[in-house]
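Per the numbering used here, the very first residue in the sequence shown carries number 10; after that it's consecutive.
Read through the structure below, which is laid out as C-alpha cells, and then see the notes.
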Amino acid sequence: MAIRILADEVVSQIAAGEVIERPASVVKELIENAIDANASVILIRTEDAGKRLIEITDNGCGIHPDELEKAVMRHATSKLRNAEDLFHIQTLGFRGEALAATGSVSRMSITTCTADNENGCTITVEGGKVTGVHAIGTKQGTTVRVADLFYNVPARLKFLKSDITERNQTETLISRYALAYPHIRWQSYHDGKPGIRTSGNGDYREVLAAIYGVDTAKQLLEINLEEESLRVFGFISPVALTRSNRREMNYFINGRWVQDIQLNSAVIRAYQTLIMVGRFPIAALFLSMEPEEVDVNVHPSKAEVRFRSPDRVFSAVHRAVRRGLIAQSPVPEISSPVQWPNWHPLNPQPASGSGQIDPAWQMSGEAKAIPLWRPNSAETVLPVQYHQTNGKDSADQGNHPESVLSMVSPDFPILRWIGQIGGTYIIAEGPDGLYLIDQHAAHERILFEKLLNQAASEAVAQSLLDPALVQLPAWQASLLEENLEVLKKLGFHIEPFGPSAFRVLAIPALFTKGNPEAAIRSVVEDFEEDETPLQSEIESRIAGRVCKRMAVKAGQPLSEEEQRALIRDLENCQSPRTCPHGRPTMIHLSINLLERQFGRKGTI
Ligand code: ADP
Ligand code: MG
Numbered sequence: 010m011a012i013r014i015l016a017d018e019v020v021s022q023i024a025a026g027e028v029i030e031r032p033a034s035v036v037k038e039l040i041e042n043a044i045d046a047n048a049s050v051i052l053i054r055t056e057d058a059g060k061r062l063i064e065i066t067d068n069g070c071g072i073h074p075d076e077l078e079k080a081v082m083r084h085a086t087s088k089l090r091n092a093e094d095l096f097h098i099q100t101l102g103f104r105g106e107a108l109a110a111t112g113s114v115s116r117m118s119i120t121t122c123t124a125d126n127e128n129g130c131t132i133t134v135e136g137g138k139v140t141g142v143h144a145i146g147t148k149q150g151t152t153v154r155v156a157d158l159f160y161n162v163p164a165r166l167k168f169l170k171s172d173i174t175e176r177n178q179t180e181t182l183i184s185r186y187a188l189a190y191p192h193i194r195w196q197s198y199h200d201g202k203p204g205i206r207t208s209g210n211g212d213y214r215e216v217l218a219a220i221y222g223v224d225t226a227k228q229l230l231e232i233n234l235e236e237e238s239l240r241v242f243g244f245i246s247p248v249a250l251t252r253s254n255r256r257e258m259n260y261f262i263n264g265r266w267v268q269d270i271q272l273n274s275a276v277i278r279a280y281q282t283l284i285m286v287g288r289f290p291i292a293a294l295f296l297s298m299e300p301e302e303v304d305v306n307v308h309p310s311k312a313e314v315r316f317r318s319p320d321r322v323f324s325a326v327h328r329a330v331r332r333g334l335i336a337q338s339p340v341p342e343i344s345s346p347v348q349w350p351n352w353h354p355l356n357p358q359p360a361s362g363s364g365q366i367d368p369a370w371q372m373s374g375e376a377k378a379i380p381l382w383r384p385n386s387a388e389t390v391l392p393v394q395y396h397q398t399n400g401k402d403s404a405d406q407g408n409h410p411e412s413v414l415s416m417v418s419p420d421f422p423i424l425r426w427i428g429q430i431g432g433t434y435i436i437a438e439g440p441d442g443l444y445l446i447d448q449h450a451a452h453e454r455i456l457f458e459k460l461l462n463q464a465a466s467e468a469v470a471q472s473l474l475d476p477a478l479v480q481l482p483a484w485q486a487s488l489l490e491e492n493l494e495v496l497k498k499l500g501f502h503i504e505p506f507g508p509s510a511f512r513v514l515a516i517p518a519l520f521t522k523g524n525p526e527a528a529i530r531s532v533v534e535d536f537e538e539d540e541t542p543l544q545s546e547i548e549s550r551i552a553g554r555v556c557k558r559m560a561v562k563a564g565q566p567l568s569e570e571e572q573r574a575l576i577r578d579l580e581n582c583q584s585p586r587t588c589p590h591g592r593p594t595m596i597h598l599s600i601n602l603l604e605r606q607f608g609r610k611g612t613i
C-alpha cells in the first residue's frame, strides 16, 4: 500500500480516540473545563449512561462569542502560550483537544456567555463540522451538550460496557472531583435520578458524607503534613474500616485526579501489619507542590503524572499516613492476633511471665509437640484432598445444588474435639490422625450451605425491630439495587430509601447475631469492575460473600461448646472440605505421616 497523508477527519478521530474513550471521559474533560473557568456551580446530567446525552452547565467565565469557533478547533486553548508554559501548568486543561475531540465523535452544542457580554452565543458541531453559530440570550457561564456520543464511530460504541458500569464510572469520577473541589456546588442527575449533591461550602467532610455516607465519613481520619513546598493533606480510613479493592484510594496532585501505582503502594505500606492482607484502606489525598515539580504532560487523558523527585513524594505520603494512623491510638495490630506462648522445645512448660497463654494450649497435652514439625516442608503439612464425588462440592463451582440435604458426608470422618491453638485452629482427632480446622473457613462453609438451603425452602427472614440504614457510594448503590431480588430470596429484605441509601427491614435468621450493615456492604464491595456473573451464579456468589463477612474470624474466641458445634455442623455439610471460595477448611496430619515424622516408619 502506498504511503498517504491521512485526511483531517481521520486524524481527528485518531486523536479523539486517545482522549475520549467512553462517556466518563467526556464528563471528565467538560468538568475540568468548568473548573478552569472558575465555576462555583457545576451541574451534570446524563441520559442512557451518557450515550444519548451528556450535559454540563457551569457558571464560570464563559467563552467570548468571537472565540467560540476557535474553541472547538484542534489544539486551540487559552491555557498555554508556549512550550515553556508546559512546565508550569496551573490549569487542568492545556492540550486544547477536548472540545475538538468530543465534537468529532458526537453532536455537540455549546451555549455560553461571558460577564462583559450582554448576549450569549451558541455553536453546534456535528461529527467535527461546525453546523451553526448564532447569538442567544443566556446567563453567564457555559452549557455543553454532547448528544449521540460515538454515533459516527460504531466500533467505539461496541466497546462500551453495560449502562450500569458506564454510569458508575461517570458518577465515581464526578464524586472524585466533588471531593477535590469542595468549594464548588455539585449536582448530578442520571436519567432524571439525582446522583451526588454538595453545597459548595468548602467542607470536605460534607462531601465525604455525600459519597460514603455519614457514618463512614465521620470515621475518616484527617491527615496533614507540610514539608517545604510539599503538602500532603487528606482523609484516610482508620484500620478498622477497609475495603476489598483499591478503588477508593484516590490521589489529587494540585487538584488533578491521578492514578499512580507507587502512591498506592506508599499508602498500603503505611497500613502494613495494621490491616489484613487483601483489604485496602479508603484514602483521599490531596498533594500540593510547585507546578514545576510535576510533569502532567505524560498522557493524553492527563491521568498519569511524573514527579521530579518521586522518592520525596512517596516517602512524604507514607509518613503522613503512618503518622495519622499512629496518632489514632491505640492501633490494634491485627497481623498477629495469635499470642504464642514463650515456648522452647527443650522446656515444654511455657515460661513464666510469658503473658497470655491460650487455655486450649495448656489443656491439650499431646499437642505440645506440634512445633517440632517442620511447617516449611511441603511434605509435612498436606491439605486434605478435595474429593469430588457424585456431584458433591458443586457449590464450589458456583451452581449450588437445588437442595442441599442435611446428612453426614460419607467421605468426611467423624471428629472428636481436642482443643484449639492460636485462637484460630480447632484440633480434632479422626479415625486416621489429627485434623486442624480453620474456624473461619469452616464457619464460612457452614453458613453458606445453611443460607442456600434456606433460600431453596423460602428463607426464614427475621424482621429487624430497628431497620438498619445503609448508605453507599453511587456505583455500589446501583449494584445493590440490581440484586435486591436475589437478596430477598436469601432472606434480606431491603428497600431503597432515598438516593444511594437503603433500609434493611429483615435479614436471614442465621445472621441475627451479626451486623446487618456489614453483610449488605459485603455484597457490593467485592464486585470487581465490570464483573457480571452469570445469572445462575449470582445467588451463590452473593451468599459466598455474605457468609465470608458473617463467619467467625480467625482469633475470635469460641467456647468449647461452640467449637464442638462447629465440628458437628461441618460434618453435616455437603462439601465440608473447602470454604465457598475454594480454600481448605482443614488440614489432615495422618497417623502415617506422624509415624514417619517420628522416625517410627520409613523416612520423611
Ligand atoms: P483545554 O481545556 O485544554 O484548553 P479544551 O478543548 O477543553 O482545551 O477547551 C478549549 C478552550 O475553550 C479552553 O482553553 C477555554 O478557553 C475554552 N473553554 C472550554 N470550556 C469552557 C468553559 N466551560 N468555560 C469557559 N471556557 C471554556
Ligand atoms: Mg479542557
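For each residue, glycine too, the CB sits at the ideal point set by N, CA and C.
All of these numbers come straight from a predicted model, not from anything done at the bench.
| Query | Result |
| --- | --- |
| Just to check my reading of the structure: residue 572 and residue 426 have Cβ atoms closer than 8 Å, yes? What is that Cβ distance to the nearest angstrom? | 6 Å |
| Just the residues with CB closer than 5 Å to a heavy atom of ligand 2, in chain order, which are they? | 42, 102 and 107 |
| Does ligand 1 have even one heavy atom less than 8 Å from the beta-carbon of residue 154? | no |
| Please determine, among 266, 110 and 198, the residue with the shortest C-alpha to C-alpha distance to residue 24. | 110 |
| Would a C-beta distance cut-off of 9 Å place residue 157 and residue 115 closer than the cut-off? | yes |
| Report the residue from 34, 227 and 187 whose alpha carbon sits nearest the alpha carbon of residue 179. | 34 |
| Between residue 295 and residue 255, how many whole angstroms is the CB-CB distance? I'm expecting something under 8 Å. | Actually they do not touch by this definition, with Cβ atoms about 18 Å apart. |
| To the nearest angstrom, how far is the alpha carbon of residue 82 from that of residue 483? | 35 Å |
| Would the beta-carbon of residue 72 be found less than 8 Å away from any heavy atom of ligand 1? | yes |
| State yes or no: is the C-beta of residue 576 within less than 9 Å of the C-beta of residue 442? | no |
| Find out if the Cβ-Cβ distance for the pair residue 150, residue 130 is shorter than 9 Å. | no |
| My guess is that residue 154 and residue 113 are in contact by the Cβ rule of under 8 Å, so how many angstroms apart are they, rounded? | In fact, because the Cβ distance is near 16 Å, the residues do not count as touching under 8 Å. |
| Let me know if residue 36 comes out buried or exposed under the rule of 16 or more other beta-carbons within 10 Å of its beta-carbon. | buried |
| Tell me, please, whether the segment 498-506 touches the segment 206-219 by the rule of three or more beta-carbon pairs shorter than 8 Å. | no |
| Please list the segments of the beta strand (DSSP E) lying wholly inside the segment 462-534, counting only runs of 3 or more residues, in order along the chain. | 470-480, 502-505 and 510-517 |
| Per the DSSP calculation, residue 157 is bridged to which residue(s)? | Per DSSP, none; premise fails for residue 157. |
| For residue 302, I'd like the list of residues in its chain whose CB is within less than 6 Å of its CB, leaving aside the five on either flank, ordered along the chain. | 317 |
| Flag residue 296 as yes when its Cβ comes closer than 8 Å to any non-hydrogen atom of ligand 1, and as no otherwise. | no |
| Please go through the segment 228-308 and give each complete beta strand (DSSP E) segment of 3 or more residues, from N-terminal end onward. | 230-236, 239-245, 258-262, 265-267 and 292-297 |
| With H, G and I counted as helix, E and B as strand and the rest as coil, what does DSSP make of residue 200? | coil |
| With DSSP collapsed to three states, give me the class of residue 310. | coil |
| Could you check the C-alpha separation between residue 367 and residue 563 for me, to the nearest Å? | Confidence at residue 367 is low in this model, with a pLDDT of 31, below 50, so its placement is unreliable and the value that follows should be read with caution. Those two C-alpha atoms are separated by around 14 Å. |
| From residue 218 to residue 184, what does the alpha carbon distance come to, in whole angstroms? | 11 Å |
| Which stretch, first to last residue, makes up the beta strand (DSSP E) that contains residue 193? | Run containing residue 193: none; DSSP gives neither H nor E here. |
| Let's test the definition: count the other Cβ atoms within 10 Å of the Cβ of residue 324 and tell me whether it reaches 16, buried, or not, exposed. | exposed |
| Between the Cα of residue 486 and those of 421, 244, 261 and 532, spot the shortest distance and give me the residue it belongs to. | 532 |
| Put residue 316 into one of helix, strand or coil per three-state DSSP. | strand |
| Is it right to say residue 41 is buried, meaning 16 or more other beta carbons lie within 10 angstroms of its own, or is it exposed? | buried |
| Would DSSP call residue 566 helix, strand or coil? | coil |
| Note down, one range per segment and in chain order, each alpha helix (DSSP H) of at least 4 residues found wholly within the segment 38-103. | 77-80 |
| In chain order, what residues of the same chain have a beta carbon less than 6 Å from the beta carbon of residue 242, not counting five sequence neighbours either side? | 233 and 295 |
| Spatial neighbours of residue 69 within its chain, please: C-beta separation below 7 Å, excluding the five flanking residues on both sides. | 43, 46, 47, 48, 150 and 151 |
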